[in-house]
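Single-structure report; data block below.
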Amino acid sequence: MTIFTRNKCGKPFYCFPRTKTFILTLCFSAFFACSVWAQTVTINLKNVPFEKAIADISKKTGYQFLFDAAYLKNAVPVTLNVSNAEFSELMRQLFNGQPFTYEINKKVIIIKSKTLQVNPIQIRGRVIDTTGVPLPGVEVRIKGESAAAKTAMDGSFTITTLNSSPTVVTRSIGFTTKETQLFNVQPASYFTVVMNVGNSNLKEVVVTGYQILSKERSTASIVKVDSATLNQQLNVSLVTALEGRVAGLRLTNGTNDIVMRGPATFLTSSITTYPLIVVDGLPTNYRLEEINPYDVASIYVLKDAAAASIYGSQSANGVIVITTKSGTKNTVSINANADFFVNQKPDINKMHYASTGQIIDYETAKYKSEVQNYANAGAMFNYYGDIGNGTIRYYSPLYQLFRDQYEGRITTDQLNSTLNNWRGNDYIRDYVNNVWQNETRNRYNLSLSSGSAKSNTYVSLNYDENAFRIKYNQSKALNMYFKSAFNVNKWLTATMGLNGQYTMSDATDNSYSDYGLQERYQRIVDGNGNHVLSDYVNLSDGFGNSGNMNGVVASKIKGLADFKPVSFNILDELQNGITQRRALNLRAFTNLGVKFYKDLRYDISFQYEIKNSNTEQFYSADSYKMRYLYDAFTTFNTATGKYEHNVINTGGRFAQSNARSYDYTFRQQLNYDHTFKQGSNEHNITAIGGFEMRETQTPRFLSDTRYSYNPQLLTAQPVDWYTLSNTGVTGYLFGRTTLGSNATKQSIGLIRSISYYGNASYMLNSKYNLTGSVRVDQASFFGLDPKYKWRPIWSAGAGWNVSNEDFMKEVSWLNYLKARVTYGINGNSDVSSFAYAVASLKSDVLFPSVSYPTITTFPNPKLRWETTQTTNLGFDFAVLKNRIKGSIDLYNRYSKDLLSTNELDPTVGTLSRVINNGSMRNRGIELSLSSDWFRTNDWTLGSTIVYAYNKNKVIDVYFTNASATSYVSAPGNYYFANAPYQSIYAYRYAGMTNGYPYYYDQNGKPNVTFDSNGTPTSVVSINTPAALVNMGSVLPIWNGSFSQRIGYKNLQLNVLFIYSGGNKLRKEVVPLSAITSNVMNEGIGTLYTNGNTDVPRLYFEYPNSIKSYASTLSSMWVNGDNQILSADYIKLRNVSLSYALQSSLIKKLHVNTVKLTAQVNNLWYWSAAGKDIDPEAYSLNGGSRSLPIPRSFLVGLNVGF
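In case it helps, mature numbering (1 follows the signal peptide of the UniProt record, and there is no 0) puts the sequence shown at residues -38 to -1, 1 to 1163.
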């Protein structure tokens, strides 16, 4: 690596810096040719220039050479032929006969005149702002030389030069570059540089993926999140790193999904609402959580059409452009991070479940009420079935207890005693204490970057290990990233890179993650910690149509040798049926840039991605589910009088699957950037044009299942899949029993597209600019109708840098003001809809060898992408010497041609079809405001406010036969015009009489008729959608954040609040009908009495003659307009405290930076709904809680070399 410098006279210097030799021990030898200090050297040179000779020696030995280029003018060509020579001998031969000599200072070889002694001078100093506050991260250079340094957290720096009177240049974003001339610097001298705040808004650039523009030339709505902002706290992933940083960007409840400026599609199940992710200029199928946060240098969020329309039919949801880190010129740096995370167990008390005693009372009342429907308890239990006595249905252990009492196996006193003992049990408590654990995560990251005038390289290695909440659930991931860029010559540049991620994860059977799997009064462990076996549970094998066991069946097969017991304990089963997933993701990319002349550049880019995952799941023969399956498929041969096990005999169940997908992108592009003067006017024209090809293979899926599997011998029993999945067997327990069709399956999908695009901007005098873009997408899944085939996606915009006007020069408090307006079109695609007919092969039932095609999807020749037309008006500003900066955006997004299910004329062959026939609108305002309130020598204080308001409305929609229930239960699939998409619809509550609620129909009439005693005589179901009332949106109307930064010397405190609201949720209430769940709301403890005018009767409180009404009224009670609450909330998302070691301590450790961070996430929240309802952990339309978001504690250590 050659360093080029100049002395104060402008004469060149050259030196060859050493590499840091211990890099080899850190697994980076594959990417760097590092040298180690060696005792012997072998080199062979013949009549080469002295300059080349020392370059070769530097590469072999790692020594640096520092000299004045003037000395080399008289240098003699070098001839060397040494083998395993001592380094001192090599130096003696190298300088023999040369007109200069040398001196070794540590690991630097200083070439000097034989008559003049030259000693390097070490300059020490500090960089501060005008208020005296130290400035970290400032670039410090010696003018005319390449020696460089960066200031530490306290603003200090050290730099070496041969010039006794150098000019020191300091640069930092947001400050004016400053040159400080020094004279006759002494070795022990120390000086201070004061930097002034500059107008960084004009110098800032925006990255769109296709081009890099100065901010003054952009008319688009683009938000930048830089590395400094990302590193203010420890980030779980890039998703959480963006939360609260970008106005209009919202995370959906309980997921990592992102929505930008409201929904723009109806088909959220098949069309993603996720923004397009672009990494280093090329679209990727990676999600944000799959990208290593430590590899990211900056993130640009493109929100309006002018910014995102260049991405065509993939851009309606916005675009997130990620720029990864690169090496820095003439520096070698190493960064190591170690992060540790601990998530507490969720607080189960905030679920507000009924107590064990309340559940026992409820189930007892339910039992007594149910018995009244039969002649006696025996008749009722006949309904639940027995071996050879009809369908077997599950009933709870409490029912079994009453059955034992009814059939005389226990007395009434024994029954009551048992119930009293059960009141002290708590299955959920046992589950939390024995199945759950605190989640832990260890994340380690090591990165190395280096650069020279000719190239730069960045490489990182990341290891991430997680232990999840349920025991034996874990994941491990290894992520490698490599990127190298080369300036081959003045007209050719090249970039290449590779990103690889290998993950391993283990997850228990989904059935076992349910802490309500068994009744609340059952146990997992006894007082001594011993496992408690339940005779039976409400869980079948899940592999076929096996029925559920009940108490009498379980007791009968328990004593039969030909059956296996179905006793169960969750702790014995957690490690059975674990799904092991192994996945490898690779992304390789390259770019060549050819500069034809200074204004014209040609770029060619290629990216290839591949994702491959393998999944395996094994149930041993002794596992609960295999024992259950064994019993279910046991048959009885009446001829022999014996039980047979011909289907499931011995061994376990092994299922495996493989999914593989790939994606490639090829792009060619011309870039033109020309600035010229014409009279007193300065003009700038920037333009790009190109074409892009993409091919995406949707996951090729292969699956296979084997029974009677032996994992040691890798053997399995042949299975007649067709017979077992269609005809099945006549099982002794459940009658006709079938097995799921889990035979070998394969599926594949392929999408190809080609696009042509262009973008141009014009600027006059750095004040006025116009922008425009156009793109045409052609894809294999679009329809062939010529009307839609070549529809362009385009945008236009205009900007005015008001602060550059002469009349604004007198407004000293206003540092920057820009107005911008844009209009354009974005697109969105649904890869699950097709322009062509889709058929699948099926086998004939009578003749399995004969197959025939059936139409599964009808053709749609008019299929096209959904389009979103966006108008955006924005203002960017900075005031009070750039201490307060911000932006305001107002937008109107009209989405049309939205895919939705529409009813069709039956003569076309189908009653309904997904077609482009809907529209919706989003209107909103966004505000971002950041400030540095004050800075002193020790203190800093800054704040950031982000606010976004979005009003959504459905414009066109076509439903004719949908019922009221559809609108109530599925607002994402059923919606009215002129109302928000995903609204909460409710029945109109009319009142309550004698514990019976009633509601208004579409004509305003009550749906319940009462007799003189207040007992319902008739209940009419309300099925007409017109009877419903819209209570508001499920989706938030407004959201945002407030962050506070407080710094004291080397301490930094960061606090982030987030807020959201304007939407509604359903209250969690107890349904009136019979509850079958093992987890019930605490409301079951409040029963109707004559004095409770607002407490309804529960199912078992209805007289037998009208119990059928309970189910009808229950749905209305749960979904009534009297059960609606506000979903507003405020949260203290995280608090982080970091400390950077002082420079004096750092020097002793021989490192550049040491930073320690401690952080707490999800520390506090307030919710307008009250009662511990957290809208982020709640089904807003369903009216049910999810597990509370637990607090997490994070500690991170960063060391830089």
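Cβ coordinates follow ideal geometry from the N, Cα and C atoms, glycine included.
Cutoff 8 Å; reference residue i; Cβ partners in own chain excluding five residues on either side
i, result
"ILE999", "TYR911, ASN912, LYS913, GLY1023, GLY1024, ASN1025"
"THR1051", "VAL1057"
Of the residues the options, the one placed nearest residue i, counting alpha carbons only
i, options, result
"THR958", "LEU1075, LYS858, ASN822", "First, the residue type needs correcting, since residue 958 is Tyr and not Thr in the sequence shown. It is LEU1075."
"ILE72", "TYR25, ARG563, SER529", "TYR25"
"MET1042", "SER1146, GLN463, THR465", "SER1146"
"PRO245", "LYS186, VAL283, LYS291", "VAL283"
"TYR586", "GLN542, VAL1113, VAL499", "VAL499"
"MET882", "GLY224, LEU250, THR597", "GLY224"
"SER1106", "LEU1099, VAL1097, VAL1116, ARG1007", "VAL1116"
"GLN964", "LEU825, LEU779, TYR951, ASN956", "TYR951"
"ALA1130", "GLN1104, ILE1092, PRO527", "ILE1092"
"TRP762", "ILE220, LYS639, LYS177", "LYS177"
"SER134", "ASN146, ILE90, SER126", "ILE90"
"LEU937", "SER1039, VAL916, GLU325, GLY848", "The sequence as given places Tyr at residue 937; Leu does not occur at that position. Nearest option by C-alpha distance: VAL916."
Secondary structure of residue i, DSSP reduced to three states
i, result
"THR(-14)", "Reliability fails at THR(-14), whose pLDDT of 31 lies under 50, so the model's placement of it is uncertain and the value that follows must be treated cautiously. Three-state DSSP puts THR(-14) in a helix."
"LYS8", "strand"
"TYR33", "helix"
"VAL807", "Low confidence applies here, because VAL807 scores a pLDDT of 49, under 50, leaving its location unreliable; read the following figure in that light. VAL807: coil per DSSP, three-state reduction."
"ILE272", "helix"
"MET466", "strand"
"LEU1149", "coil"
"TYR389", "helix"
"ASN1160", "strand"
"ARG54", "helix"
"GLN148", "coil"
"TYR474", "helix"
"TYR856", "strand"
"MET(-38)", "Its pLDDT being 29, under 50, MET(-38) is placed unreliably by the model, and nothing is read from it."
"GLU401", "strand"
Residues that residue i bridges to, as DSSP identifies them
i, result
"MET222", "LEU211"
"SER715", "ARG656, ALA741"
"ILE850", "PHE837, LEU889"
"THR246", "ILE239"
"ALA781", "TRP762, PHE837"
"ASN1124", "Bridge partners of ASN1124: none, in fact."
"THR202", "THR202 is not bridged to any residue."
Any chain D beta carbon closer than 9 Å to residue i
i, result
"VAL1057", "The question asks about chain D, but that chain is absent: this structure has only one protein chain."
Contact check, residue i vs residue j, beta carbons under 9 Å
i, j, result
"LYS1029", "GLN944", "no"
"THR132", "VAL100", "yes"
"GLU828", "GLY786", "no"
"LEU562", "TYR634", "yes"
"ILE349", "LYS518", "yes"
"SER422", "ASN292", "no"
"SER623", "THR577", "no"
"GLU205", "ILE1020", "yes"
"GLY652", "TYR262", "no"
"LEU695", "ALA594", "yes"
"ALA270", "SER277", "yes"
"LEU238", "VAL169", "no"
"SER665", "ALA722", "no"
7 Å CB neighbourhood of residue i in its chain, flanking five on each side removed
i, result
"THR1048", "VAL1057"
"THR2", "ASN46, ALA47, GLU48"
Same chain only: Cβ atoms within 6 Å of residue i, ignoring 5 sequence neighbours per side
i, result
"PHE837", "ALA781, ILE850"
"ILE647", "HIS636, TYR724"
"CYS(-24)", "A caution first: CYS(-24) carries a pLDDT of 38, below 50, which makes its placement in the model too unreliable to give a value."
"TYR564", "VAL556, LEU632"
"ARG549", "ASN461, GLU571"
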